[in-house]
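Sequences listed follow chains A and B, in order. Numbered according to numbering that gives the first Met the number 0, the first sequence terminates at residue 235, and the numbering increases by one at each position without gaps. Numbered according to numbering that gives the first Met the number 0, the second sequence terminates at residue 313, and the numbering increases by one at each position without gaps. This report refers to the structure that appears directly beneath it.
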Amino acid sequence: MLEIVDLEVKYGAIAALQGISLSVKPGQIVTMIGANGAGKSTLLRAVSGLVGITSGKILFDNANITNLPAHRIVGRGISHAPEGRMIFANLTVKENLEMGAYLRDDKDGIASDLERVFSLFPRLKERIHQSGGTLSGGEQQMLAVGRALMARPRMLLLDEPSLGIGPILVKAIFSTIVEINRELGMTILIVEQNAHQALKIAHYGYVVETGKIILQGPCVEIARNELVRKAYLSES
Amino acid sequence: MKIHKSVIFLASAIVLSFLATLVEHRLNPYYFQIIIYIGINIVLASSLNLINGFAGQFSLGHAGFMAVGAYTSAVLTTGLFSSVNPLLNIPLFALALLCGGIVAAAFGLLVGIPSLRLKGDYLAITTLGFGEIIRVVVQNLDFLGGARGFTGIPKLSNFFWVFLTAAAVIFTISNLINSTYGKAFTAVRDDEIAAESIGISSTRVKVTAFVTGAFFAGVAGALYAHFVTYINPAQFSFLKSFEIVVMVIIGGMGSILGVIFSAVLLTILPEVLRTMAQYRMVIYSLLLIIIMITRPQGLFARRRFGKHKAILKI
Chain A
0 MLEIVDLEVK
10 YGAIAALQGI
20 SLSVKPGQIV
30 TMIGANGAGK
40 STLLRAVSGL
50 VGITSGKILF
60 DNANITNLPA
70 HRIVGRGISH
80 APEGRMIFAN
90 LTVKENLEMG
100 AYLRDDKDGI
110 ASDLERVFSL
120 FPRLKERIHQ
130 SGGTLSGGEQ
140 QMLAVGRALM
150 ARPRMLLLDE
160 PSLGIGPILV
170 KAIFSTIVEI
180 NRELGMTILI
190 VEQNAHQALK
200 IAHYGYVVET
210 GKIILQGPCV
220 EIARNELVRK
230 AYLSES
Chain B
0 MKIHKSVIFL
10 ASAIVLSFLA
20 TLVEHRLNPY
30 YFQIIIYIGI
40 NIVLASSLNL
50 INGFAGQFSL
60 GHAGFMAVGA
70 YTSAVLTTGL
80 FSSVNPLLNI
90 PLFALALLCG
100 GIVAAAFGLL
110 VGIPSLRLKG
120 DYLAITTLGF
130 GEIIRVVVQN
140 LDFLGGARGF
150 TGIPKLSNFF
160 WVFLTAAAVI
170 FTISNLINST
180 YGKAFTAVRD
190 DEIAAESIGI
200 SSTRVKVTAF
210 VTGAFFAGVA
220 GALYAHFVTY
230 INPAQFSFLK
240 SFEIVVMVII
250 GGMGSILGVI
260 FSAVLLTILP
270 EVLRTMAQYR
280 MVIYSLLLII
290 IMITRPQGLF
300 ARRRFGKHKA
310 ILKI
């Protein structure tokens, strides 16, 4: 479904991604784990058009989407919930979600998707008329994921959904991600520092270090890997 | 329902401003002038509010767009239109106002496309520079009177045109910001990357706000030119831009009512303070400082979340 070939991204002279190739099959949850600054977020941003690509190719459903502007890529069916819970602080929860459906004009579909997001995240329904800025970190994260779903994408990109929120909420969000994948058949590419959780829910995984993929395979295998266990799962 | 209410607003504004025009000649000319300035300042401040307040793009070039509108309309009414039958004065004036706005909007597009890639301080400086370029260019164009100014503009502005325009600005902005497209303005202001990631073209949103704001600034300039009947480049210096920015900030960025209120207040205040003679501007500035210390979010605004730490709508 998503095919990335030899992707390179540079910020000025610094190479954030140095020739990354990966693929995501329909219906899969694929995760990319790695430390801070490994290039995980950059990869998602490159896919959704938020950063420019130095070289390489990105194919989505066999169509070349390399260097399309971000708002056009959303139209193709890729929805990105960016890192740091970039919600709209001055719009209400409902307005935030409705803005997620900015490119759609099927009123009934939007209304039913809104209900679906509320059933996935009942907490958001309780806060429906509150400004996004008044939500807690975890709630903002739910809102960011919910907003991305409102575009009715065929593929969801999640950037560090566990960042800065408490362990109980992390579990809840991850189980919702699984639910989204199973019930909606959504293809998901998720990047995480919380390797433990990510490897638990994903089907296939990639490990990145300083802009390069150093390991890949089914998640059960990755979780067994000596190096991964030492470096990312803090087991000895 | 919403549309309905705003149509009533627009219709009553037309009727009221027309009625006001019938009695305006009885008014003390000094008061007449102040009320006209209030109307023009409402147009200027509200249109800048669209750019600075709603779309969050700090522009300091509003006087430049005003100048473009003023000179464009003045050239039309004194040149092309002057030989036409005087009976057609009114529709031709309306046309001149419109042309002033359109040419200003075209300049807005021209400036906006390259400069709206910049943010915050950088955008402010770029727009400031643009405003000054306009002024200097006009100063050196002989057919516009250069530094001597442009004289002999017919006095066609009255309550009707001024307040009709003011109503049109308010109508446009309040309808726009309640629409999905208008919420995209707030989205871009709150978080540009997030806005892009849900399919909003942030460049398009910003340019739209900029061009719309420039259009109304142009019309305001045209109204001004046809009220004072004499314009020169110095009237459109960056000081004028600052004056409009102050109105927006004092009223509350992103607050429609607040900005109208502060446009009225800041037009009347210097006049009231005339009795203070040489202390006038000192007191004026002091009042501004006090307002900013006690109401940093502006007079009418609620607290706004996020990076800008200012306000939301009323």
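Glycine included, every Cβ here is placed at the ideal spot set by N, Cα and C. All values derive from a computational prediction rather than experimental measurement.
- For residue 146 (chain A), at least one C-beta of chain B is nearer than 8 Å to its own C-beta.
- Looking from the CA of residue 139 (chain A), the closest CA among A:108, A:64, A:13 and A:85 belongs to A:85.
- Taking the Cα positions, residue 231 (chain A) is about 58 Å away from residue 168 (chain B).
- For residue 190 (chain A), the enclosing beta strand (DSSP E) starts and ends at 186-191.
- Think of a sphere of 7 Å around the beta carbon of residue 152 (chain A): no beta carbon from chain B falls inside it, the nearest being about 10 Å out.
- Taking a C-beta cut-off of 8 Å against chain B, the contacting residues of the region 86-106 of chain A are 86, 87, 88, 89, 90, 94, 97, 98, 99, 101 and 102, listed in chain order.
- For residue 98 (chain A), the enclosing alpha helix (DSSP H) stretches over residues 92-99.
- Annotation: Cβ neighbours of residue 198 (chain B) in chain A (cutoff 7 Å, chain order): 70, 73, 74, 101, 102 and 150.
- Close partners of residue 81 (chain A) in chain B (Cβ separation under 7 Å): 192, 193 and 196.
- Three or more beta-carbon pairs separated by less than 8 Å link the region 184-203 of chain A to the region 25-45 of chain A, which places the two stretches in contact.
- Cβ neighbours of residue 282 (chain B) within its own chain (closer than 8 Å, five residues either side excluded): 272 and 275.
- Secondary structure in the region 166-222 of chain A: the alpha helix (DSSP H) runs of 4 residues or longer, each lying completely within the stretch, are 166-183 and 194-200 in chain order.
- Residue 80 (chain A) is not a Cβ neighbour of residue 21 (chain A), given a cutoff of 8 Å.
- By the rule that beta-carbons nearer than 8 Å mark a contact, residue 142 (chain A) does not touch chain B.
- Under DSSP, residue 149 (chain B) forms a beta bridge with B:230.
- When secondary structure is reduced to three states using DSSP, residue 32 (chain B) falls in the helix class.
- Within a 10 Å sphere around the beta-carbon of residue 35 (chain A) sit fewer than 16 other beta-carbons, which makes this residue exposed.
- Judged by their CB atoms, residue 40 (chain A) and residue 82 (chain A) are nearer to each other than the 8 Å cut-off.
- A direct Cα-to-Cα measurement between residue 243 (chain B) and residue 94 (chain A) gives close to 31 Å.
- For residue 107 (chain A), the enclosing alpha helix (DSSP H) starts and ends at 106-119.
- In this chain, the alpha helix (DSSP H) harbouring residue 283 (chain B) covers 279-293.
- Apart from sequence neighbours up to five positions away, the residues of its chain that approach residue 57 (chain B) with a beta-carbon distance below 7 Å are 51, 119, 122 and 123, ordered along the chain.
- Listed along chain A are 97, 98 and 101, each with a C-beta nearer than 8 Å to that of residue 179 (chain B).
- Spanning the alpha carbons of residue 210 (chain B) and residue 63 (chain B) requires a straight line of approximately 13 Å.
- Judged by beta-carbon spacing, residue 207 (chain A) lies beyond the 8 Å limit of residue 14 (chain A), meaning their Cβ atoms are not closer than that value.
- Spatial neighbours of residue 217 (chain A) in its own chain (CB-CB distance under 8 Å, excluding positions within 5 residues in sequence) are listed in chain order as 202, 203 and 204.
- At a cut-off of 8 Å, the C-beta of residue 185 (chain B) has a neighbouring C-beta in chain A.
- Judged by pairs of C-beta atoms under 8 Å, the region 219-231 of chain A does not touch the region 42-58 of chain A, as fewer than three such pairs exist.
- Residue environment for residue 12 (chain A): exposed (fewer than 16 other C-beta atoms within 10 angstroms of its C-beta).
- The beta-carbon of residue 20 (chain A) is placed no less than 8 Å from the nearest beta-carbon of chain B.
- Short of 8 Å from the beta carbon of residue 112 (chain A), and not among the five residues preceding or following it, lie these beta carbons of its own chain, in chain order: 100, 148, 149 and 151.
- By the Cβ-count criterion, residue 38 (chain B) is buried, with 16 or more other Cβ atoms from all chains shown falling within 10 Å of its own Cβ.
- Collapsing the DSSP output to three states places residue 140 (chain A) in a helix.
- Residue 221 (chain B) sits away from residue 54 (chain B), with the two beta carbons spaced by 8 Å or more.
- In this structure, the beta-carbon distance from residue 213 (chain B) to residue 69 (chain B) does not fall below 8 Å.
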